[in-house]
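The block underneath contains the structure these notes are about, expressed in structure tokens.
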Amino acid sequence: MSDHVQTLLDRLPRLGEAVLVTLELTLGGAVLALVVAVVLGFGSRTRTLWVRGPSRVIVEFFRGTSLVVQLFWIYYVLPAFGYELEALAVGIVALGLNYGAYASEVVRGSIESVPQGQWEASVALNLSWFHRVRRVIFPQAWALMIPMLSNLLVQLLKGSALAYYITLHDLNFWTVQLRRSTSDTVFSYTVGLLVYFVIAYALTWFMNWLEARAKRRLGIGPQRPSLRETLRLEPAPVPTAPTAPTAPAAGVRTGGAP
Amino acid sequence: MTTTAPGTVPAIEFRDVVKRFGDHTVLDGLSFSVPRGQRVTLIGPSGSGKTTILRLLMTLEELSDGLILIDGDPYTYEYLGQKWAPVPEKRRREVRKRVGMVFQQFNLFPNMTVLENIIEAPMHVLGLSKHEAVQRAEQLLEKVGMPEKRDARCTDLSGGQQQRVAIARALAMDPEILLLDEVTSALDPEIVADVLAVLRDVAQTTDITMLLVTHEMQFAREVSDRVLMFDHGRIIEEADPETMFTAPSHPRTQEFLKAVLG
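Chains as they are written, first to last, in this note's numbering: chain A, 74 to 331; chain B, 179 to 440.
Here it is in structure tokens:
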């Protein structure tokens, strides 16, 4: 066992590089996924058919096909059409599009959960569409979508392990290398497992913090998130819509009611 | 039905406005106009189309047919060349600037403080500097009686306080026309008086054209110049408040007021 630990210590510098690649894939993929999700999420709910149609098709296509196949397709097939990308970029693009498609449904759902009255008030104040979304609707939808995005982010981290198959020296690759040099499957994969878990936990932490911050801005939840709230592993229970609280006797007005 | 005197342009004019929701016709060829500075109350049973009129004026609904003019400017459709065309959004925004609205459910932005709610649109739509916008907001908070809540979160306010902030927010845009959509219906009875006091003050100290839908008949009687009684999307009676509330002529109005006033 002690020589395993020695091998592990020898390989620690490599571990740093491997984790860096995994983090680059995860964070790069996550940023791209968020952009894709916001664009497609809003695209899927516009009234204009020529925006909504393509948005729906893209979402369904990337959700409906395997991430491995997408990865291989971009890495091996796309060069045949004259678009050659670096392996890391391929990984980020594939992860970003795939998880972006999933996340777009989260974005769409959260936007639809923002009460209609918020849109109406921002029309009544004559704010432009972009301004309405940026300053009024999105900040409220954001607090709703973080718990679900947090789930997807951890999944994206785990999905990034596939990058090993397109020659990237990520954490998965490092684990395989460790197994080769120690010839101990149990030991090396357990170490790999633990490192993935630590990264996932750190990401969950970060997302919990973001969520507490977003909720605080809406005036829901405590002024400071408790340590327990930040360190918890499971995503928060689906929060209630961040409406301005209405008087107890208030009847809910539906959009088209005369 | 049009009450425009020759030579004056009404603040609001509806011409043969039709609004349908699916198969249900809410407004059926409605025409009426409101001169500048007049306060008009719309009364009638629920489902008679009162709120729809305010929502059409705020462009929260698209009309099915007819025309709406604000100060004589086309707001919905205009006659271009040989045919009717929708007014482009850019020009519509120009006209919409003159209209403000206060909602039954307040609809304050929960992600902003009281002050931020009020200065957001004046800064970004009217182009006021932050200093000017804040100054105006503070004056208005004074007017609605809650200067101390300037930096409070909207979520920490009571319903009545939220509605007073909403009134200040609408007034901060300096509207020519103010639409009040059942603004006290969601409030506890003891708070209603505070909100009505604020609105009475607005009515007395400004010359804003007001269109209100309300169940507060006493308030309607005090502030309005004219009352329109609606039933099934049509105006069935129109009178000054004194006549309307003491001697309504239409049997339907008599029935309705009897039910409401008890």
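Glycine included, every Cβ here is placed at the ideal spot set by N, Cα and C.
Per DSSP, Ile293(A) lies in no alpha helix (DSSP H) and is assigned neither H nor E.
Shown here for Gln339(B): same chain residues with a beta carbon closer than 7 Å to its own, the five before and five after excluded, namely Met324, Lys327 in chain order. By a beta-carbon distance limit of 8 Å, Leu229(A) does not contact Ala91(A). Their separation comes to about 17 Å.
Interface with chain A (8 Å Cβ-Cβ cutoff): His302(B) is included.
Beyond the five residues adjoining it in sequence on each side, Asp243(B) comes within less than 6 Å, by CB distance, of Val196 in the same chain, given in chain order. At a cut-off of 8 Å, the C-beta of His204(A) has a neighbouring C-beta in chain B. Rounded to whole angstroms, the separation of the alpha carbons of Leu98(A) and Ile165(A) is 5 Å. Using beta-carbon distances, Gln143(A) does not count as an interface residue toward chain B, since no partner is under 8 Å. The Cβ atoms of Asp249(B) and Val187(B) sit closer than 8 Å to each other. Rounded to whole angstroms, the Cβ separation of Tyr175(A) and Leu144(A) is 16 Å, and the two are not in contact under 8 Å.
Identification of residues in the segment 299 to 333 of chain B having a C-beta nearer than 7 Å to some C-beta of chain A yields Ala299, His302, Val303, Arg331, Cys332, Thr333, given in sequence order.
Exclusion of the five residues before and after Gly101(A) leaves Ile165 as the residues of its chain whose Cβ lies within less than 6 Å of its Cβ. If you compare the alpha carbons of Gln432(B), Ala371(B), Thr229(B), Phe397(B) with that of Gln282(B), the shortest gap goes to Thr229(B).
By DSSP's assignment, Ala214(A) forms no beta bridge with any residue. CA-CA distance, Leu335(B) to Tyr149(A), rounds to 59 Å. Measuring C-alpha to C-alpha distances from Ala364(B) to each of Pro426(B), Asn285(B), Lys321(B) identifies Asn285(B) as the nearest. When the five nearest sequence neighbours on each side are left out, the beta carbons in the same chain lying within less than 6 Å of the beta carbon of Thr95(A) are those of Ser233, Asp243, Leu244, in order along the chain. The Cβ-Cβ distance between Leu357(B) and Gly278(B) falls below 8 Å. At least one CB atom of chain B sits nearer than 8 Å to the CB of Arg290(A). For Leu358(B), no chain A residue has a Cβ inside 7 Å of its Cβ, as the nearest lies near 12 Å away. Three or more Cβ pairs closer than 8 Å define a contact, and the segment 382 to 391 of chain B meets that threshold against the segment 205 to 224 of chain B. What Pro212(A) touches in chain B, judged by beta-carbon distance under 7 Å, is Asn289, going in chain order.
In this structure, Val361(B) lies away from Ala381(B), with their beta-carbon atoms at least 8 Å apart.
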